[in-house]
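Structure record follows, encoded as structure tokens.
Residue numbers (the numbering used here), protein chains in the order written: chain Z, 1 to 163; chain D, 164 to 951.
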């Protein structure tokens with residue numbers, strides 16, 4: 001057993017866990033945040049994507065012990081109270097989800113992508129960057145639309161803030 | 164159209180919980196004292212179990228119990244059933260081998276469960292499952308379809324001679340022979356419809372809870388049809404009578420058919436909860452899903468189409484062998500028969516059709532309905548044949564189709580179906596225009612200059628959905644009726660709950676069903692809640708599959724709304740001293756037509772519940788239920804055009820454009836409909852280009868049993884799609900709707916393959932048209948060109 005302390009969505013969570021516990025199991029089974037999903041066990045589908053110290057990781061591939069002392073943001077920590085993150089809002093507006101299972105990972109990947117590209121994205125780049133997230137419902141069409149729309153909103157917001 | 168009524172692009176009510184991580188899927192459920200199940204699964208494709216030793220597993224830490232098929236049988240848990248009786252052409256019933264939830268004597272596919280461990284944690288359960296010792300007697304595996312039906316091949320079930328489950332036919336073979344005898348041209352094709360794994364992103368899961376106090380069972384499960392699950396688990400598996408079993412399908416992360424069926428794991432979790440005294444949860448890992456979710460498709464077919472000298476279709480002959488895997492899954496028998504051969508008239512007038520289908524056992528995972536179920540296979544046969552014929556006859560594929568389209572309705576095909584309405588020319592024209600079909604030649608030349616091979620292909624599909632008229636399917640062997648039920652409950656303050664037997668696992672029912680109520684009662688959709696997926700809340704229902712929730716499920720709501728409106732009008736007429744016939748309901752108000760007399764909707768609702776002033780003899784309350792049984796299937800149809808560019812150096816196929824023009828009748832929410840089409844196309848493109856189940860033919864191991872090996876379509880494999888709709892109203896249901904859930908997967912594979920074969924000038928490629936296969940044929944094409 002290992003004692004692990006991870007700051008999840010701003011709250012320090014300390015647990016004694018089996019050494020083999022994965023970050024996704026820590027979040028789902030120990031902290032009780034079930035928005036992060038497991039879809040494949042082989043780091044392919046991306047349903048488990050969270051942010052660790054601000055960077056997107058597949059939480060099925062990170063040991064909880066390896067995340068000790070880090071800051072983790074999950075899908076539950078993305079909105080500010082009732083105010084949705086622009087990526088969440090864009091997924092809703094553009095019908096970027098159907099069954100919702102891949103959605104948390106998609107949104108967390110998209111937020112990270114927009115940050116890395118500073119919002120300067122085109123369709124080809126979005127499709128290339130989403131390669132690590134599988135959706136079986138939408139055919140990606142509306143997900144791509146949502147990510148592009150969110151990137152534009154966020155860039156617009158950034159420009160406004162700068163001006 | 165109101166802002167939230169029928170036809171409006173309303174953002175979805177259900178989205179908020181999914182985008183904020185508050186969705187509640189089966190694996191998110193926790194109950195006090197819950198422990199975990201792990202299944203011990205066969206590592207062999209075919210073997211006899213000489214003995215099972217569970218003693219070491221039972222001694223492992225945290226283990227509550229290790230249970231085998233022997234105990235399951237001793238407790239009277241029944242074998243799995245197949246719910247649709249198909250008879251061979253000689254009149255004998257299908258030959259079904261026994262399918263126990265936990266194998267006792269023989270295992271017949273890799274992954275078949277033979278024991279279950281229940282332990283305090285998932286890891287402990289899995290560790291203990293590894294410690295079960297089995298003395299196996301390995302048997303030869305029968306994998307290849309043609310080999311399976313060869314005389315002398317090892318027989319997998321004592322019931323099925325030569326491994327044939329049924330040898331069935333539809334249509335008129337003599338009439339087809341006569342048609343072929345006078346043909347000016349015959350097009351022949353041998354086709355493989357590749358086996359697919361449905362791959363809903365949420366793996367299957369079950370949580371079984373036995374309550375010793377009330378002797379009740381509760382099952383949370385990843386199901387598209389919880390009421391059918393309860394019925395089958397009660398009536399056939401003898402776990403508990405229906406009144407002692409509650410089945411809840413909460414948020415379900417995609418189904419595509421694979422979550423229709425009642426699987427061994429769900430039955431075993433319920434039974435094991437009573438045996439071990441703890442709530443038992445099981446969640447499949449992805450490889451378990453690959454091995455044990457029912458697969459789809461897997462046909463080999465020889466087909467011939469006869470034409471007269473004027474290029475009119477005279478006849479069609481189809482001979483199909485369908486792989487059923489090791490056992491008959493719940494609706495497997497209906498898929499390559501009444502969901503397949505009945506669509507072999509396509510969009511065309513074909514005077515004589517004959518189809519023969521043999522269903523065959525192999526040592527592979529069971530095969531059943533997957534998005535489209537039979538109709539993609541039929542469409543692939545038809546649209547590959549027509550496109551090939553056009554090339555052989557030297558005529559344009561569009562013109563050959565036009566010449567043979569059904570143009571008068573209703574149209575009785577030679578294969579059971581009566582097409583009720585359609586305009587195939589309209590969708591063909593819409594698709595050709597959207598694709599700039601006329602400009603293709605120019606684009607091909609331009610691509611050639613860049614060293615690329617460009618091709619275009621079309622597919623004009625028709626499908627039958629809105630499954631289905633109960634008496635009709637009953638006469639064809641179905642074990643259930645396929646109506647749907649609904650209840651509309653108006654609350655005293657005027658808000659509304661709709662209880663539906665349909666189940667949403669991505670289809671957006673919480674929004675679209677509310678739009679229907681909003682249209683009828685003039686209420687905002689936020690005042691309308693849709694309740695589904697719980698047998699304790701909803702009286703009954705047949706669930707969601709076969710693109711039935713609009714045409715059938717919403718029609719049941721429509722009927723219940725008729726009754727609610729009728730009663731509300733009676734109450735309003737009484738309160739306003741007006742004639743019932745003059746009452747109108749709109750915009751949240753109840754008015755007397757042609758006057759300024761009106762009441763807010765809430766007054767009528769409240770009046771119904773206070774009962775202070777109701778018409779004489781009227782019962783209080785405002786709540787009505789309805790069952791709706793459709794009179795016919797609905798027949799969505801459309802035209803898909805795919806344009807590809809192939810790099811002959813790498814074999815990479817790029818889909819440069821994909822156009823869909825669909826006729827779904829009346830649309831409730833076009834945004835949702837488009838989403839369904841996008842997703843269907845992606846699965847169809849996946850089938851055409853990349854998805855394949857590879858079994859090792861010697862060992863029967865599924866080599867493609869994870870996302871490292873089975874190629875799922877990713878965002879960068881697909882383009883954005885150009886989708887549009889045309890409209891002919893379906894006369895068979897009150898809303899004029901046709902189903903839209905499966906069309907994309909049905910229509911797209913032949914469009915893609917027709918485009919690739921056009922680009923390569925070679926008709927031989929099989930699905931999936933992987934880069935390797937395309938590269939080999941592209942090399943040939945390049946050499947051919949060089950020689951010319």
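Don't be surprised by glycine CBs; every beta carbon is placed ideally from N, CA and C.
Any idea which residues DSSP pairs residue i with across the strands?
i, result
"residue 382 of chain D", "D/371, D/410"
"residue 299 of chain D", "D/212"
"residue 5 of chain Z", "Z/14"
"residue 480 of chain D", "D/467, D/517"
"residue 786 of chain D", "D/652"
"residue 697 of chain D", "D/411"
"residue 763 of chain D", "D/752"
"residue 802 of chain D", "D/623, D/824"
"residue 900 of chain D", "D/828"
"residue 617 of chain D", "D/808"
"residue 746 of chain D", "D/755"
"residue 486 of chain D", "D/523"
"residue 647 of chain D", "D/791"
Go ahead and label residue i buried or exposed: buried means 16 or more other beta carbons lie within 10 angstroms of its beta carbon, across all protein chains shown.
i, result
"residue 700 of chain D", "exposed"
"residue 930 of chain D", "buried"
"residue 662 of chain D", "buried"
"residue 1 of chain Z", "exposed"
"residue 834 of chain D", "buried"
"residue 129 of chain D", "Outside the modelled stretch of chain D, which goes from 164 to 951, sits residue 129 of chain D, for which no answer is possible."
"residue 398 of chain D", "exposed"
"residue 668 of chain D", "buried"
"residue 98 of chain Z", "buried"
"residue 112 of chain Z", "buried"
"residue 773 of chain D", "exposed"
"residue 55 of chain Z", "exposed"
"residue 458 of chain D", "buried"
"residue 110 of chain Z", "buried"
"residue 750 of chain D", "exposed"
On the premise that residue j lies in contact with residue i, defined as a C-beta separation below 8 angstroms, what is that separation, rounded to the nearest angstrom?
i, j, result
"residue 145 of chain Z", "residue 96 of chain Z", "7 angstroms"
"residue 105 of chain Z", "residue 47 of chain Z", "4 angstroms"
"residue 572 of chain D", "residue 868 of chain D", "The pair is not a contact, with the Cβ atoms about 46 angstroms apart (cut-off 8 angstroms)."
"residue 73 of chain Z", "residue 50 of chain Z", "6 angstroms"
"residue 469 of chain D", "residue 481 of chain D", "About 12 angstroms; that fails the 8 angstroms criterion."
"residue 209 of chain D", "residue 303 of chain D", "7 angstroms"
Could you check whether the Cβ of residue i sits closer than 7 angstroms to any heavy atom belonging to the ligand MN?
i, result
"residue 509 of chain D", "The ligand MN is absent from the structure shown, which contains no ligand whatsoever."
* **Start-end ranges of the beta strand (DSSP E) lying completely within the stretch 318-373 of chain D, minimum 3 residues** => 327-334, 348-356
* To do: Could you pull out every unbroken beta strand (DSSP E) segment of at least 3 residues lying fully inside the stretch 7-81 of chain Z, listed in chain order?
  => You should have 11-17, 49-52, 55-58, 71-73.
* Asked: Can you list the alpha helix (DSSP H) stretches of 4 or more residues lying completely in the stretch 548-601 of chain D, in chain order?
  -> 560-567, 587-597
* **Near-chain Z residues of the stretch 663-694 of chain D - C-beta to any C-beta below 8 angstroms** => Listed by position along the chain: 668, 669, 670, 671.
* To do: Pick out the complete beta strand (DSSP E) segments inside the stretch 171-244 of chain D, 3 residues or longer, and give them in chain order.
  => 198-204, 210-216, 226-231
* Asked: Between the stretch 133-146 of chain Z and chain D, which residues of the former have a C-beta closer than 9 angstroms to a C-beta of the latter?
  -> 133, 134, 135, 136, 137, 138, 139, 140, 141, 142, 143, 144, 145
* Asked: Of the residues that make up the stretch 366-388 of chain D, which ones have a beta carbon closer than 8 angstroms to any beta carbon in chain Z?
  -> 366
* Mind listing which residues of the stretch 347-367 of chain D have their C-beta closer than 9 angstroms to chain Z's C-betas, in chain order? -> Cβ proximity to chain Z below 9 angstroms picks out 361, 362, 363, 364, 365, 366 from the stretch 347-367 of chain D.
* Determine which residues of the stretch 401-426 of chain D have a Cβ less than 9 angstroms from any Cβ of chain Z, and write them out in chain order. => 414, 415, 416, 417, 418, 419
* Asked: Fully enclosed by the stretch 243-310 of chain D, which alpha helix (DSSP H) runs are 4 residues long or longer?
  -> 285-293
* Anything in the stretch 25-39 of chain Z with a Cβ closer than 9 angstroms to a Cβ of chain D? List those residues in chain order, please. => 25, 28, 29, 32, 33, 34, 35, 36, 37, 38, 39
* Compile a chain-ordered list of the residues in the stretch 866-900 of chain D whose CB is closer than 7 angstroms to at least one CB of chain Z. => 869, 870, 871, 875, 877, 878, 879, 881, 883, 884
* **Completely contained alpha helix (DSSP H) runs for the stretch 76-120 of chain Z, where each covers 4 or more residues** => 86-93, 103-116
* chain Z contacts made by the stretch 164-191 of chain D, where a contact means CB separation under 9 angstroms -> 172, 174, 175, 177, 178, 179, 180, 181, 182, 183, 184, 185, 186, 187, 188, 190, 191
* Asked: Can you list, in chain order, the residues of the stretch 837-871 of chain D whose Cβ is nearer than 7 angstroms to any Cβ on chain Z?
  -> Listed in sequence order: 838, 841, 842, 844, 845, 869, 870, 871.
* To do: Would you list, in chain order, the members of the stretch 231-254 of chain D that have their beta-carbon closer than 7 angstroms to a beta-carbon of chain Z?
  => Those residues of the stretch 231-254 of chain D that come within reach of chain Z (Cβ to Cβ, closer than 7 angstroms) do not exist; the list is empty.
* Using a beta-carbon distance cut-off of less than 7 angstroms, what residues from the stretch 87-105 of chain Z approach chain D? -> 88, 91, 92, 93, 95, 97, 98, 99, 100, 101, 102, 103, 104
* To do: Could you run through the stretch 274-294 of chain D and flag, in chain order, every residue whose CB is less than 9 angstroms away from some CB of chain Z?
  => 284, 285, 286
* **Interface residues of the stretch 1-26 of chain Z facing chain D [CB-CB below 8 angstroms]** => 18, 20
* Asked: What are the residues of the stretch 781-792 of chain D that lie near chain Z, defined by any Cβ-Cβ distance shorter than 7 angstroms?
  -> none
* To do: Using a Cβ-Cβ cut-off of less than 7 angstroms, give me the residues of the stretch 44-74 of chain Z that come near chain D, in sequence order.
  => 44, 45, 47, 74
* **Interface residues of the stretch 814-836 of chain D facing chain Z [CB-CB below 8 angstroms]** => 834, 835
* Asked: Using a beta-carbon distance cut-off of less than 9 angstroms, what residues from the stretch 114-131 of chain Z approach chain D?
  -> Cβ contacts with chain D: 123, 124, 126, 127, 128, 129, 130, 131.
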